[in-house]
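> Mind having a look at this structure? Questions to follow.
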DNA sequence: AGATTTTATTGATATGGGTTAAGATGTGGG
DNA sequence: CCCACATCTTAACCCATATCAATAAAATCT
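Residue numbers (the numbering used here), protein chains in the order written: chain A, 33 to 224; chain B, 33 to 224.
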C-alpha cells in the first residue's frame, strides 16, 4: 500500500529511518475519490497534501464559469492547492478526480508536528517545495514563450500520454486556448 | 551590515542559535553591482541566492531580443534564478541591477554544506522555497485572471512604489503589454 | 543652453485567437 | 440497436492588443 510513497520520500530524504517512516505513515489517511469527486473546492482552505497512489486528478481554475486547467496529476505524484495549504487562505484552484482514484493524505497539523518532531521531514518539505517551484516555473516559461501551436507540439512530443486519457477540449483548456482553436491548429498541422 | 538578513532568517527559523548564525554568516559574500551590471545571465548556471541589502534589481526574460520583466526586487528581499540554482541547469532568466546595489550572496556548495551541518537551515530552505512558490503562484493567478487594465490598476493600488522608480515602458513589460498599449490604457483610465 | 538620446503619446493598420452558430461525428446507456 | 448527449469540426465575424510609424516631451550630456 505504501511502497510507492515510501520510495518517493526516500528519494527526497535518503536519511529516512524506519522510526521516521513509522511516525509519518501513522498519520496517513487513505481516501478514495470517484470520477468527478472533488478533493479541494475553490473557496475552501486546503488542509492536506495528497499523494496519488493511483488514479487521475486535475487542478483547474474557474473563470467566468469556465474551467481553465492548470495540470493533470497521476500515479506517484503529489497534488495540493499548496498556496492555500501554506497560507491557510481559501483555495483559488479546484481539484477533482477525472478517474476513480486512491489518494494518501497528510493533514496540515500533522505535517507541522512532523516538522517539529522529525527534522528529516524538513528536508522532505524543502524538496517538495523546491520541486513544485521548478515545475511551476517551467510551466510559466512554456506558457510565456511558446505559441499555442508550439505548446501543442510540445505536448505531443513530451506529454502524449495525456492525448489518450483526456478529451480534446481539456487539452485545449490545458494549452490555454479554446477547443475551436485547437481544432484549427490540428487541421493546419496535419497538412505538414 | 548583517542586521537585516539576520532578522530575515530569524523570522523564517525562530530556533536559529548564535552558533548557527556564525556558521551561516561566515559563508556570506558581499558584492556590489553598479547600475546595469548583471547578477545572472541567461545561459549561465546560477550559483547563488542573493539577499538585497540595498538597491534595486530586476529579473527578466529575453524573448525575440525583447525584455519581458518578471519582477523587481529591492531591500531585504531574496533573489535568485532559483530553478537554475536548484537544477544546476543554465538559467532562463536574466538578472541585473537597475540601480547600484549591495547584495549578500550564498553559494550553492556552501548551502549544501549548511543543510548537512545545520539542520535548522533546512527549515530556512523550506520556508524560502515555500515563499517563492506562493509568490509565483499569486503572480501567475494575477496574470491569468486579470485584464491588462485590471493589472495596471492593481499595481497602482498595491505596488505604487514601482511607478516612481522605473520608467513606464518597464511597467508595461512587467504587466505583459507593449508601452503603446499601456499609454492608451492610461489615457482611457484618466477619463474615469 | 543646445544637442542628443531616451521615453511617452498618438494614429493607422494588422493579426491571433475568441465568440457564435451550425452541423458532423462519436459513444454510452437503456 | 437506437437515442440522447458529448465531443469535434468548420465557417463567419469580432475584438483586444500588437506592430509600425511619426511626433512630442523629457531627461541627460557637453
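A virtual CB, placed ideally from N, CA and C, is assigned to each residue, including glycine.
For the candidate residues 201/A, 222/A and 145/A, whose alpha-carbon lies nearest to that of residue 213/A?
201/A
> Using only CA atoms, which one of 62/B, 38/B, 63/B and 61/B lies nearest to residue 51/B?
38/B
> What is the residue span of the alpha helix (DSSP H) that residue 155/B lies within?
152-177
> Compile a chain-ordered list of the residues in the stretch 144-166 of chain A whose CB is closer than 7 angstroms to at least one CB of chain B.
Within the stretch 144-166 of chain A, the qualifying residues are 151, 154, 155, 157, 158, 161, 162, 164, 165 and 166.
> Counting only C-beta atoms, is residue 110/B closer than 8 angstroms to chain A at any point?
no
> To be precise: take each residue of the stretch 88-102 of chain B, compare its Cβ to all Cβ atoms of chain A, and keep it if any distance is under 9 angstroms. Which residues remain?
93, 95, 100 and 102
> List the whole-angstrom C-beta distance separating residue 102/B from residue 91/B, where the pair is believed to meet the contact cut-off of C-beta under 8 angstroms.
That pair is a contact at about 5 angstroms.
> Considering only residues of the same chain and omitting the five flanking positions on each side of residue 57/A, which have a CB-CB separation below 7 angstroms?
34
> Can you pull the chain B neighbours of residue 168/A, defined as C-beta to C-beta under 8 angstroms?
165, 168, 169 and 172
> Given that a residue counts as buried once 16 or more other Cβ atoms are within 10 Å of its Cβ, and exposed if not, what is residue 195/A?
exposed
> At a CB distance below 8 angstroms, what residues from the stretch 112-132 of chain B approach chain A? Give them in sequence order.
Listed in sequence order: 114, 115, 118, 119 and 124.
> By alpha-carbon positions, which one of 88/A, 100/A and 98/A ends up nearest to residue 131/A?
88/A
> Can the beta-carbon of residue 205/B be found less than 8 angstroms from the beta-carbon of residue 116/B?
no
> Could you tell me the alpha carbon to alpha carbon distance between residue 77/B and residue 36/A, rounded to whole angstroms?
33 angstroms
> Which first and last residues belong to the alpha helix (DSSP H) in which residue 39/B is found?
35-44
> So residue 40/A packs on residue 48/A, CB below 8 angstroms; how close in whole Å?
Incorrect: roughly 11 angstroms between the Cβ atoms, too far for contact.
> Taking all protein chains shown into account, decide if residue 61/A is buried (16 or more other Cβ within 10 angstroms of its Cβ) or exposed.
exposed
> Taking just the CA atoms, how far does residue 186/A sit from residue 244/A?
Because chain A here runs from 33 to 224, residue 244/A falls outside it and cannot be looked at.
> Check this for me: beta carbons of residue 164/B and residue 165/A, under 8 angstroms apart or not?
yes
> Please classify residue 126/B: is it buried, with 16 or more other beta-carbons within 10 angstroms of its beta-carbon, or exposed?
buried
> If the cut is a Cβ gap below 8 angstroms, which residues of chain B does residue 177/A touch?
93 and 95
> DSSP three-state label for residue 218/A, please.
helix
> In whole angstroms, give me the CA-to-CA distance for residue 146/A and residue 95/B.
One C-alpha to the other measures close to 44 angstroms.
> So, are the CB atoms of residue 113/B and residue 72/B less than 8 angstroms apart?
yes
> Given a threshold of 16 other Cβ atoms within 10 Å of its Cβ, counted over all protein chains shown, does residue 184/A qualify as buried or as exposed?
buried
> Kindly indicate which three-state DSSP category residue 100/A falls into: helix, strand or coil?
It is a strand residue.
> Does the distance from the CB of residue 85/A to the CB of residue 136/A come in under 8 angstroms?
yes
> Give the straight-line distance between the Cα atoms of residue 209/A and residue 190/B, rounded to the nearest whole angstrom.
About 30 angstroms.
> Taking the alpha-carbon positions, what's the residue 53/A to residue 70/A distance?
29 angstroms
> So what does DSSP say about residue 51/B, is it helix, strand or coil?
helix
> First and last residue of the beta strand (DSSP E) that includes residue 183/B?
From DSSP, residue 183/B is part of no beta strand (DSSP E) but of the alpha helix (DSSP H) over 180-190.
> What does the alpha-carbon distance come out to for the pair residue 152/B and residue 197/A?
43 angstroms
> Thinking C-alpha only, which one of 129/A, 43/A, 74/A and 188/A is nearest residue 121/A?
74/A
> For residue 133/B, which of helix, strand or coil comes out of DSSP?
strand
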